[in-house]
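Down below is the structure, laid out as structure tokens.
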Amino acid sequence: MAVQPLESPRLLLAVLALIACPFAQGREDPPPSSAEQQRILDAIQDYADQYLANLPNFICDQVTHQYHAGRNPTRWRQGDVLTSKLVYAEGHEQRSLELVNQKPIRPGMRLRRMPLETQGEFGVLMASIFSPASHTSIEWKGWESVRGSRAAVFAFAIDAQHSTMSLTSDDLIKDTVPFHGTVYGDPKTGAIWRITDIETNLPRELHTKLISRVVDYGGVTIAAKTYLLPLQATIWLTSDSGNVRNELEFLNYRKFEAESVIKFASSDSPAPQP
């Protein structure tokens, strides 16, 4: 499955506009019948339930392009390019920063703290949305196009009482917050092609007004089998002092084995435009 680069921040702005009213009805194509909506949702639910169990243990390179802006996010300044080794094993994600602006991290070197960190792109977010414990509200939203294919879009919302979305500020303040967003799925198979989530009702102590994320999934071959895995993501944070945007690329997927030799994809590919 070919994946086109995210046109950020335009795509993210468009997605935010779509999910600002999480239960708005699509305005163009007529919705399917209630029975067909339920069939599609059941297929997406089944896909999500099996997703983590079907994933192999693997390694990939996560290349993060950082951008910063003031309170009005019209002029972005490019920050560091961070290359991390990401190991996914037995349902857990582990990242280790290896390169900063293509320069290796030296032993004993004090690592800089990333201004914006996220996890969960590899199934935890998906599992949280569709877990019975989340008591997720899900409704039909409409039809959209994802990389040229017609996607069924459902809006979801999870309240603070049942949320697993935890935010931490300066390692001192931690809070669990409600969130909502959209799931884009294959109407035939239920395969999930894109997930968005946004958190806006945040405690004042976090000094954060909004956090949003768009994750695009595409076909990746690992050990001669194809899986739908994250290929790119955009994360946007608006705080009291300004805006931070991360553009993530997930590259060089390979099977994780104890004897694996770790080599990283080049991070000197053209950066997404600010």
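Sequential numbering from 550 applies to the sequence shown in the numbering used here. Even for Gly, the Cβ is constructed at its ideal location relative to N, Cα and C. The structure presented is a predicted model; accordingly, all values stated were derived computationally and were not measured.
Considering just the uninterrupted stretch of the beta strand (DSSP E) at residue i, what are its terminal residues?
i, result
"Glu688", "686 to 695"
"Glu670", "That residue, Glu670, is in no beta strand (DSSP E); it is neither H nor E in DSSP."
"Val702", "698 to 707"
"Pro779", "774 to 788"
"Val726", "First-last for Val726: undefined, no H or E at that position."
"Asn750", "Segment: none, Asn750 is in no beta strand (DSSP E) and carries neither H nor E."
"Arg794", "792 to 804"
Taking only the alpha-carbon atoms, compute the straight-line gap between residue i and residue j and give it to the nearest angstrom.
i, j, result
"Gly628", "Arg588", "45 Å"
"Glu806", "His641", "15 Å"
"Thr538", "Arg762", "In the structure as shown, the chain begins at 550 and stops at 823. Residue 538 is therefore absent and cannot be evaluated."
"Lys836", "Leu797", "The displayed coordinates of the chain run from 550 to 823. Any statement about residue 836 would go beyond what the structure contains."
"Val564", "Glu693", "Per-residue confidence for Val564 stands at a pLDDT of 43, beneath the threshold of 50, marking its modelled position as unreliable; no derived number is given."
"Ser583", "Thr738", "18 Å"
"Thr632", "Pro581", "43 Å"
"Asp746", "Thr623", "22 Å"
"Asp598", "Arg620", "40 Å"
"Glu754", "Tyr596", "37 Å"
"Leu604", "Pro736", "22 Å"
"Ala682", "Ser712", "9 Å"
"Gln643", "Ile654", "17 Å"
"Asp578", "Ile687", "20 Å"
"Tyr600", "Ser715", "22 Å"
"Arg696", "Pro656", "42 Å"
"Gly691", "Ala602", "29 Å"
"Leu778", "Ser698", "17 Å"
"Trp625", "Thr783", "14 Å"
"Asn795", "Ser645", "17 Å"
"Val612", "Pro752", "30 Å"
"Thr775", "Ala706", "31 Å"
"Met638", "Val673", "Note that residue 638 is Ala in the sequence shown here, rather than Met. Going from the Cα of Ala638 to the Cα of Val673 covers about 13 Å."
"Ala773", "Ile593", "25 Å"
"Lys758", "Lys634", "30 Å"
For the alpha helix (DSSP H) that contains residue i, what are its first and last residues?
i, result
"Ile589", "583 to 603"
"Phe679", "673 to 679"
Looking only at DSSP bridge pairs, what is residue i linked to?
i, result
"Pro653", "Leu648"
"Lys634", "Asp610, Ser645"
"Asp765", "Arg743, Gln781"
"Gly619", "None; Gly619 has no bridge partner."
"Arg624", "Partner(s): none; Arg624 has no beta bridge."
"Gly734", "Ala701, Ile741"
"Leu759", "Thr787"
"Ser715", "Thr725"
Check this for me: beta carbons of residue i and residue j, under 7 Å apart or not?
i, j, result
"Leu780", "Gly791", "no"
"Val630", "His614", "yes"
"Ile771", "Phe607", "yes"
"Ile800", "Asp610", "Note on residue identity: the sequence assigns Leu, not Ile, to residue 800. Yes, the pair counts as a contact, with Cβ atoms nearer than the cut-off."
"Ala709", "Pro727", "yes"
"Trp742", "Gln586", "no"
"Val793", "His617", "yes"
"His756", "Asp789", "yes"
"Leu786", "Ile760", "yes"
"Tyr802", "Val764", "no"
Using a Cβ-Cβ distance under 7 Å, would residue i count as near chain C?
i, result
"Trp742", "Checking the listed chains, one finds no chain C in this structure; it contains a single protein chain."
Can residue i be considered in contact with the ligand GTP, in the sense that its beta carbon sits closer than 6 Å to one or more heavy atoms?
i, result
"Val793", "The model on display carries no ligand, and the ligand GTP is accordingly not part of it."
**Message:** Assess contact between the stretch 691 to 703 and the stretch 732 to 740, defined as three or more Cβ pairs (one per stretch) separated by less than 8 Å. Is contact present?
**Reply:** Between the stretch 691 to 703 and the stretch 732 to 740 there are three or more C-beta pairs closer than 8 Å, enough to call the two in contact.
**Item:** Any 3 or more C-beta pairs closer than 8 Å across the stretch 645 to 658 and the stretch 677 to 684
**Value:** These segments do not touch.
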